[in-house]
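In full-length UniProt numbering, the protein residues as written are 1 to 183.
So, in structure tokens, the structure goes:
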């Protein structure tokens with residue numbers, strides 16, 4: 001939380017009232033959409049994100065980082081209890097270009113870890129696309145390790161993806177998450 005305050009940001013729960021702010025962030029991340037989906041974001045991407053949830057889960061976390069009620073610097077979308085109880089799936093963690101490489105992703109993940117450990121979660125999983133090596137390097141620095149590979153359709157593209165997982169049994173060290181696959 002100190003990293004957020006130092007950057008003039010606060011963590012906020014997002015919902016339907018924030019559709020315009022979410023859409024604005026997604027449009028400011030157009031290069032990510034082109035990389036992953038092969039196209040620019042559509043006008044309804046925020047609404048799609050709000051309603052795109054796994055078939056069964058315990059709790060959805062849609063969190064944003066912003067200065068007050070202003071524009072979002074980033075967001076995290078995660079579903080507790082999917083793909084199985086005790087596991088949280090991170091569907092998306094995205095930051096506007098100006099907010100990247102400032103430690104906000106690691107800080108947001110550390111905050112999520114604290115909440116998940118307190119709730120008794122065992123692990124965190126996510127999927128990263130082969131064409132996004134910076135994202136994969138970030139997740140691996142955070143202690144995630146590969147557990148499966150697949151090909152999935154995203155927009156116009158069929159992407160090679162890797163499912164990464166980090167067990168939460170090992171506590172964080174020096175504010176950096178540690179778990180299975182940690183260096």
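Heads up, the beta-carbon is just placed ideally off N, CA and C, and yes, glycines get one too.
Is residue i buried or exposed, if buried means 16 or more other CB atoms sit within 10 Å of its CB?
| i | result |
| --- | --- |
| residue 41 | buried |
| residue 8 | exposed |
| residue 96 | buried |
| residue 137 | exposed |
| residue 21 | buried |
| residue 76 | buried |
| residue 80 | buried |
| residue 70 | exposed |
| residue 152 | exposed |
| residue 31 | exposed |
| residue 85 | exposed |
| residue 43 | exposed |
| residue 120 | exposed |
At the level of alpha carbons, what is the spacing between residue i and residue j?
| i | j | result |
| --- | --- | --- |
| residue 17 | residue 101 | 29 Å |
| residue 27 | residue 135 | 19 Å |
| residue 177 | residue 62 | Unreliable positioning characterises residue 177 in this predicted model, as indicated by a pLDDT of 49, which lies under 50. A coordinate reading is not provided. |
| residue 1 | residue 131 | Residue confidence is low: residue 1 scores 49 on pLDDT, short of 50, so the model does not pin down where it sits. Its coordinate-derived value is still stated next. So the two alpha carbons sit approximately 31 Å from each other. |
| residue 139 | residue 37 | 20 Å |
| residue 23 | residue 99 | 17 Å |
| residue 67 | residue 104 | 13 Å |
| residue 52 | residue 147 | 24 Å |
| residue 149 | residue 127 | 9 Å |
Just confirm the distance between the C-beta atoms of residue i and residue j, as a whole number of angstroms; I'd bet it's less than 8 Å.
| i | j | result |
| --- | --- | --- |
| residue 168 | residue 123 | 6 Å |
| residue 87 | residue 125 | 6 Å |
What residues are listed by DSSP as bridge partners for residue i?
| i | result |
| --- | --- |
| residue 12 | 64 |
| residue 93 | 76 |
Legend entry - Ranges of the alpha helix (DSSP H) found wholly within the region 31-75, counting only runs of at least 4: 45-51
Legend entry - Whole beta strand (DSSP E) elements within the region 96-145, 3-residue minimum: You should have 123-129.
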